[in-house]
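Peer 1: Position in the sequence shown (from 1) plus 126 gives the number in the working numbering. Please see the structure below; I have some questions.
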Amino acid sequence: MHTEKARPTRPEPLDIREIGIPIDGEPQTGDRRLFCQLHVFSGCRNAENLATSLEATGMNAVLYEELNHPSGVGVLFMEEDMTTLITEMRSALTSIPFAKLTYRPEMTMIGRTYATGREPDLEQWLINKPLQNALNPDCPWAIWYPLRRKSEFYRLEPRDRGRILGEHAMLGRNYAAAGYASDIRLACFGLDANDNEFVIGLVGAELYPLSRLIQDMRQTEQTTKYIESLGPFFVGKARLRFSC
Numbered sequence: 127m128h129t130e131k132a133r134p135t136r137p138e139p140l141d142i143r144e145i146g147i148p149i150d151g152e153p154q155t156g157d158r159r160l161f162c163q164l165h166v167f168s169g170c171r172n173a174e175n176l177a178t179s180l181e182a183t184g185m186n187a188v189l190y191e192e193l194n195h196p197s198g199v200g201v202l203f204m205e206e207d208m209t210t211l212i213t214e215m216r217s218a219l220t221s222i223p224f225a226k227l228t229y230r231p232e233m234t235m236i237g238r239t240y241a242t243g244r245e246p247d248l249e250q251w252l253i254n255k256p257l258q259n260a261l262n263p264d265c266p267w268a269i270w271y272p273l274r275r276k277s278e279f280y281r282l283e284p285r286d287r288g289r290i291l292g293e294h295a296m297l298g299r300n301y302a303a304a305g306y307a308s309d310i311r312l313a314c315f316g317l318d319a320n321d322n323e324f325v326i327g328l329v330g331a332e333l334y335p336l337s338r339l340i341q342d343m344r345q346t347e348q349t350t351k352y353i354e355s356l357g358p359f360f361v362g363k364a365r366l367r368f369s370c
């Protein structure tokens, strides 16, 4: 008796778009996201000398003077298109006067904006809000750091992960509502040289509240039980901003 072999089923096509809260019952999706990269140097005597090279990139950027190094500076680039980011960034950072500085690769951070599925305005969250926070002249102070979670976190039930993240996020919302801090949250899976998973940027008018927020977050369940590593930390004050 001849039996016909079952044909293998085709897998469903992958949907890797960002997803927010449905609007009027319709899914809210998008394929735009912002890539942010921080580069750090030492040996800079005058940060103003770097302005021409950064302005020529035509990208959104922030030049920081570093708190923990007497001649340290950091440059944050923000761009949707990765080809533009790598082309213009390399052109600027390998030219004079950057070529005369000492590059500190251990401080490099890169990440992309992402949605959690709870965003009421997807484009605002993925593009506009991070740019507004980073370029805000009223928030010159910034702390940037990468982190990696323990593998145990990803084996938790979704409900438990949501509860743990909710406790952590509530602190950030409280500080933002009080005007103390705004955050820029980036995912860096597969992008970070040290296998970090996220990059966090905190910006504010004063430095103390940013430090205090990190102190308070150390007491959450996520940090005490499920964070594998944090840092290095870059602390700086914005000297120049460039908006395209």
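Virtual Cβ for every residue (Gly too), placed ideally from N, Cα, C.
Measure from the alpha carbon of Asp342 to the alpha carbon of each residue in Met296, Ala177, Lys276, then state which is nearest.
Peer 2: Met296
Peer 1: What are the partner residues of Phe161, as DSSP defines its beta bridges?
Peer 2: Glu205, Arg238
Peer 1: To the nearest angstrom, report how far apart Asp321 and Thr178 are at their CA atoms.
Peer 2: 33 Å
Peer 1: Counting along the chain, where does the alpha helix (DSSP H) carrying Ser277 start and finish?
Peer 2: 277-280
Peer 1: On the three-pair Cβ rule with 8 Å, is the segment 258-265 touching the segment 345-353?
Peer 2: Output reads no: the segment 345-353 does not touch the segment 258-265.
Peer 1: What does the Cβ neighbour count give for Met204, buried or exposed, with the cut at 16 atoms within 10 Å?
Peer 2: By the neighbour-count rule (16 or more Cβ atoms within 10 Å), Met204 is buried.
Peer 1: Taking 8 Å as the cut-off, does the segment 183-190 touch the segment 272-283 (at least 3 CB pairs, one atom from each stretch)?
Peer 2: no
Peer 1: Taking DSSP as the reference, what is the three-state secondary structure of Arg344?
Peer 2: coil
Peer 1: Using the beta-carbon count (16 or more within 10 Å), is Pro246 buried or exposed?
Peer 2: exposed
Peer 1: Threshold first: 4 residues or longer. Then list the alpha helix (DSSP H) segments lying entirely within the segment 273-361, N to C.
Peer 2: 277-280, 284-303, 333-343, 347-352
Peer 1: How many angstroms separate the CA atom of Ile310 from the CA atom of Met208?
Peer 2: 18 Å
Peer 1: Could you tell me the distance, in whole angstroms, from the CA atom of Ser337 to the CA atom of Trp270?
Peer 2: About 11 Å.
Peer 1: Beta-carbon within less than 8 Å of Gly146's beta-carbon, same chain only, minus the 5 sequence neighbours each way: which residues are those?
Peer 2: Gln154, Thr155, Gly156, Ala241, Gly243, Arg244, Glu245, Pro246, Asp247, Leu248, Trp251
Peer 1: Could you name the residues that DSSP lists as bridge partners for Gly151?
Peer 2: Answer is none; Gly151 lacks a bridge partner.
Peer 1: What are the boundary residues of the alpha helix (DSSP H) that Asn259 is part of?
Peer 2: 255-261
Peer 1: Can you tell me the Cα-Cα spacing of Lys226 and Glu293, whole angstroms?
Peer 2: 45 Å
Peer 1: Nearest to Arg230 by CA position, among Thr213, Cys265, Leu219, is which residue?
Peer 2: Leu219
Peer 1: Within its chain, find whatever has a CB closer than 8 Å to the CB of Asn186; leave out the 5 residues flanking it on each side and keep chain order.
Peer 2: Cβ neighbours of Asn186 beyond the five flanking positions: Phe203, Met204, Glu205, Leu257, Ala260, Leu261, Phe368, Ser369, Cys370.
Peer 1: From Phe167 to Pro272, what does the alpha carbon distance come to, in whole angstroms?
Peer 2: 18 Å
Peer 1: Using 8 Å as the threshold, is the C-beta distance between Val329 and Ser308 below it?
Peer 2: Against a cut-off of 8 Å, the Cβ pair of Ser308 and Val329 comes out as a contact.
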